């Protein structure tokens, strides 16, 4: 079955550290890829998305993600994190054979001030 | 303002007492969906609807019902709630066929079943 894996369940970093959160999916066809962020007590918001074109996608708040098709990956990066980035991050995939979106289990990011 | 609304935001109930969580969107989206979020399990889809009068089971539909009589509304019904349905519930909507488009999420409903 198709799935989305997020390797890190809980990440703790200090402010100004660099961030990379892993996301891999299992599907050989065309995909659209998303990263959502959920700040404490809030709903999910779109951080960035990839559907075609340049595999390096830039999102809000300085985040970016790179789609590497050969590795089935869509890792999220930020060069210098801030305390306000403390949140849970979800990778999601839609596959061209149906209209369903599949979420990863999420990565809880905690930034130390 | 484009948004998805859910009510109530918080609900504590007892086993077996029927309840409904409402969801409404003002973006004229065809697709609506319900998820539950549990620690360590991420988001799991309960039911979804591609349009009015069209609903389908998601990954965890047991114990839930939905209806889509109007495009803007997609209520989630728990006929006989049980403690294992204690969770955080999100409603979401988007354009059908819009795989390049994002899902818009409601603010969430935290349900506790005693």
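Chains as they are written, first to last, in my numbering: chain C, 234 to 346; chain Z, 1307 to 1420.
Ideal Cβ placement from N, Cα and C applies to all residues, glycine included.
Computed from a predicted structure; not experimentally measured.
A residue is called buried when at least 16 other Cβ atoms come within 10 angstroms of its Cβ; residue 316 of chain C does not meet this threshold and is exposed. Here residue 257 of chain C has 238, 305 and 306 as same chain residues with Cβ atoms under 7 Å from its own Cβ, once five neighbours each way along the sequence are excluded. Rounded to the nearest whole angstrom, the C-alpha separation of residue 266 of chain C and residue 340 of chain C is 16 Å. Contact annotation: in the region 259-288 of chain C, residues whose CB is within less than 7 Å of a CB in chain Z are 265, 267, 276, 277, 279, 282 and 284.
With contacts defined by Cβ atoms closer than 8 Å, residue 312 of chain C and residue 301 of chain C do not form a contacting pair. In the three-state reduction of the DSSP assignment, residue 306 of chain C falls in the strand class. Counting along the chain, residue 1419 of chain Z sits inside the beta strand (DSSP E) bounded by residues 1415-1419.
Taking the CA atoms as reference points, residue 1373 of chain Z sits about 22 Å from residue 1319 of chain Z.
Sequence-distant Cβ neighbours of residue 1383 of chain Z in its own chain, meaning closer than 6 Å and more than five residues away, are 1326 and 1371. Approximately 4 Å separates the beta-carbon atoms of residue 1339 of chain Z and residue 1354 of chain Z; this is inside 8 Å, confirming the contact. Here residue 1415 of chain Z is buried. Its C-beta has 16 or more other C-beta atoms within 10 Å.
At a C-beta separation below 8 Å, residue 1347 of chain Z has these neighbours in chain C: 338. Per DSSP, the beta-bridge partners of residue 320 of chain C are C:342.
Chain Z has a Cβ within less than 8 Å of the Cβ of residue 323 of chain C. At the C-beta level, residue 292 of chain C and residue 281 of chain C come within 8 Å of one another. When rounded, the separation of the alpha-carbon atoms in residue 1337 of chain Z and residue 274 of chain C is 25 Å. The beta-carbon of residue 334 of chain C is placed less than 8 Å from the nearest beta-carbon of chain Z.
Sequence-distant Cβ neighbours of residue 1324 of chain Z in its own chain, meaning closer than 8 Å and more than five residues away, are 1383, 1384, 1385, 1386 and 1387.
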